[in-house]
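Asks:
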Amino acid sequence: IALCDILQSLFNSADVAVIGWFESRDAQAAVNSNGALIHLLIGLFTGLSVGVTVTIASRIGTQKTENVHSIVYTALIVAVICGLILSVIGISVAEFALSLMSTPSGVIGLATVYLRIYFAGMPFFLLYNFTAAILRSVGDSSKPLICLVISGICNVLLNFFFVAVLHMSVAGVALATVLSQGVSAVLGFYFLLHSDPVLRPKKGISRFQTKYIKDILKIGLPAGLQGVVFSVSNVIIQSSINSFGEAAMAGSGDAAYFETYIYFFVNAFAQATVTFIGQNFAAKAYARCRRIFLLTMLCALTISTVLSFVFTFGGKLFIRIYTQDEEVISFALIRMKYVLIWEMLPCFYELGGAALRGMKHAMLPTVFTIIGSCVFRILWIWTVFPLFSDHIATLFIVYPITWAITGLAMLVAWFVLSGKAIRSASKDTSPQNRTTES
Numbered sequence: 001i002a003l004c005d006i007l008q009s010l011f012n013s014a015d016v017a018v019i020g021w022f023e024s025r026d027a028q029a030a031v032n033s034n035g036a037l038i039h040l041l042i043g044l045f046t047g048l049s050v051g052v053t054v055t056i057a058s059r060i061g062t063q064k065t066e067n068v069h070s071i072v073y074t075a076l077i078v079a080v081i082c083g084l085i086l087s088v089i090g091i092s093v094a095e096f097a098l099s100l101m102s103t104p105s106g107v108i109g110l111a112t113v114y115l116r117i118y119f120a121g122m123p124f125f126l127l128y129n130f131t132a133a134i135l136r137s138v139g140d141s142s143k144p145l146i147c148l149v150i151s152g153i154c155n156v157l158l159n160f161f162f163v164a165v166l167h168m169s170v171a172g173v174a175l176a177t178v179l180s181q182g183v184s185a186v187l188g189f190y191f192l193l194h195s196d197p198v199l200r201p202k203k204g205i206s207r208f209q210t211k212y213i214k215d216i217l218k219i220g221l222p223a224g225l226q227g228v229v230f231s232v233s234n235v236i237i238q239s240s241i242n243s244f245g246e247a248a249m250a251g252s253g254d255a256a257y258f259e260t261y262i263y264f265f266v267n268a269f270a271q272a273t274v275t276f277i278g279q280n281f282a283a284k285a286y287a288r289c290r291r292i293f294l295l296t297m298l299c300a301l302t303i304s305t306v307l308s309f310v311f312t313f314g315g316k317l318f319i320r321i322y323t324q325d326e327e328v329i330s331f332a333l334i335r336m337k338y339v340l341i342w343e344m345l346p347c348f349y350e351l352g353g354a355a356l357r358g359m360k361h362a363m364l365p366t367v368f369t370i371i372g373s374c375v376f377r378i379l380w381i382w383t384v385f386p387l388f389s390d391h392i393a394t395l396f397i398v399y400p401i402t403w404a405i406t407g408l409a410m411l412v413a414w415f416v417l418s419g420k421a422i423r424s425a426s427k428d429t430s431p432q433n434r435t436t437e438s
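Residue numbers (our numbering): 1 to 438.
Next up, the structure:
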């Protein structure tokens, strides 16, 4: 799962690298300035894929799989419709939204072009994400990886062709990303049609049913809202970063890619946590749920800590993959020093939130994220940052602070609620429960 996410991120990373090699600093800043806004607009819809995973996994856990094919059919239609809605929204608000973020005049034209082309491919993006979520609900993470290996290679080749050969600048890298997402969507749909018979939509039998949308929304909507709220604060922070100029925008964006690579490992174990706790919680194997959480947390913490130190201490070497501009590099190293080194902290709120969703406590992680990662960050921008507005590090340090606050709240909630579930199960001495636990 982590490799899938990393390859998907390489769509954008390859865009930035190629632009950095063949185009100007302004062009690279234009691509980097879109990240927070893209996540804001797609966050709600991609969160729905979590609802798909939990909805299917819980039915597998209780062995009620007779209507799973209709859930899959419904989810695919929702993906395409949401993709079309996102395309219209993204294309319509692109320039206005970038202007609200204080994007410099020398960058906003290129950034608007990139953003509009990128959002034209949203139906492909969501169709792949939903098919991947469906396959992962039964533990199949290899086929989504194959999709992204192939589409990732296509993206890199198309980037060089459109930028180095045709000199299409940001329009070229955006078009390469859209076409590559189309490849991953088609491959994902093909693999779904040739996957576990439980999942395959059945011609003439599978039905689009609103009751399944309600099940998906019950889990997915809070997850999506959490992503949106998280992105709102990041958009506000990005607006403040933009005030430091094109070099700061480019450097901060370049450093953020390494944070993203580490986060993908954290998110991968969070998805594993949702899937396995979702199945075991539905089967009332509560003690096993707690063991799963401890194992996934240990794995995520180990990998994220090691990578944080590797990327931070090799910072200048890694940043040169994206740029040779010394001013851009200097801003990137500042972000690495204050943010990247603490990238293990998201483990606590991501895996804690995933475990709570697996137990069908969907709103609690959203509430904690709104308070810890949105409200606190906005207050920081309004109160602390103006006092030290000459130092960009004042912006960056808010990330680890809010990660720690939100993570602590998630962990406390998880241990309290899982403890209640285990104590409740211990009172149930029925043969069915004893068999399930064993």
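Note that beta-carbon positions come from the ideal geometry of N, C-alpha and C, so glycine has one too. In this text, all values refer to a predicted model and were calculated from it rather than measured experimentally.
With C-beta atoms as the reference, is Thr296 less than 9 Å away from Ala272?
Replies: Going by C-beta atoms, Thr296 is nearer than 9 Å to Ala272.
Asks: Within 8 Å, do at least three Cβ pairs link the segment 266-282 to the segment 340-357?
Replies: Taking 8 Å as the limit for Cβ pairs, the verdict is that the segment 266-282 does touch the segment 340-357.
Asks: Here's the rule I'm using: 16 or more other beta-carbon atoms within 10 Å means buried, otherwise exposed. How should Phe208 be labelled?
Replies: The residue in question, Phe208, is exposed, as its Cβ has fewer than 16 Cβ neighbours within 10 Å.
Asks: Roughly how far, in whole angstroms, is the beta-carbon of Leu145 from the beta-carbon of Leu3, given that I think they are within contact range, below 8 Å?
Replies: Yes, Leu145 and Leu3 are in contact; Cβ-Cβ is about 5 Å, under 8 Å.
Asks: Checking 9 Å against the spacing of the C-beta atoms, do Cys147 and Ser195 come in under that value?
Replies: Cβ distance not < 9 Å, so Cys147 and Ser195 don't count as in contact.
Asks: Looking at Gly407: is its Cβ nearer than 9 Å to the Cβ of Val228?
Replies: Taking 9 Å as the Cβ cut-off, Gly407 and Val228 do not qualify as a contacting pair.
Asks: Using only alpha-carbon positions, find the residue among Tyr73, Gly245 and His391 that is nearest to Lys203.
Replies: Looking at the Cα atoms, Tyr73 is the closest of the given residues.
Asks: Measuring CA to CA, which of Gly245, Ile329 and Ala256 is closest to Ser105?
Replies: It is Gly245.
Asks: Within the chosen definition, does the segment 150-166 reach the segment 92-102 through at least 3 CB pairs nearer than 8 Å?
Replies: Touching, no.
Asks: At what residues does the alpha helix (DSSP H) containing Cys347 begin and finish?
Replies: Residues Pro346 to Gly358.
Asks: Terminal residues of the continuous alpha helix (DSSP H) containing Ile298?
Replies: In the sequence on display, residue 298 carries Leu and not Ile. Where Leu298 is concerned, the enclosing alpha helix (DSSP H) stretches over Tyr286 to Phe313.
Asks: With a cut-off of 9 Å, does the C-beta of Phe281 fall near any C-beta of chain C?
Replies: Given the protein chain composition of this structure (a single chain), no chain C is represented.
Asks: Less than 9 Å separating the beta-carbons of Ile378 and Ala409?
Replies: No, the pair does not count as a contact, with Cβ atoms beyond the cut-off.
Asks: Just reading off the alpha helix (DSSP H) that Asn67 is part of, what are its end residues?
Replies: Neither: Asn67 is in no alpha helix (DSSP H) and is coded neither H nor E.
Asks: Quick check on the burial criterion: 16 or more other C-beta atoms within 10 angstroms. Buried or exposed for Gly314?
Replies: Classification for Gly314: exposed.
Asks: Candidates Ala354, His391 and Leu40: which alpha carbon is nearest Ile89's?
Replies: Considering only alpha carbons, the answer is Leu40.
Asks: Nearest CA to the CA of Ala174: which residue from Phe311, Val107 and Arg116?
Replies: Comparing Cα positions, the closest option is Arg116.
Asks: Can you tell me which of the three DSSP states Asp140 falls into?
Replies: It is coil, neither helix nor strand.
Asks: Alpha carbon to alpha carbon, what distance is there between Ile422 and Val398?
Replies: Between Val398 and Ile422, the C-alpha separation is close to 36 Å.
Asks: Taking only runs of the alpha helix (DSSP H) that begin and end inside the segment 69-155, which ones reach a length of at least 4 residues, in chain order?
Replies: DSSP runs (the alpha helix (DSSP H)) wholly in the segment 69-155: 105-120 and 122-136.
Asks: Is the beta carbon of Ile60 sitting closer than 9 Å to the one on Val198?
Replies: Against a cut-off of 9 Å, the Cβ pair of Val198 and Ile60 comes out as a contact.
Asks: Please classify Val183: does DSSP put it in a helix, a strand, or coil?
Replies: Three-state result, Val183: helix.
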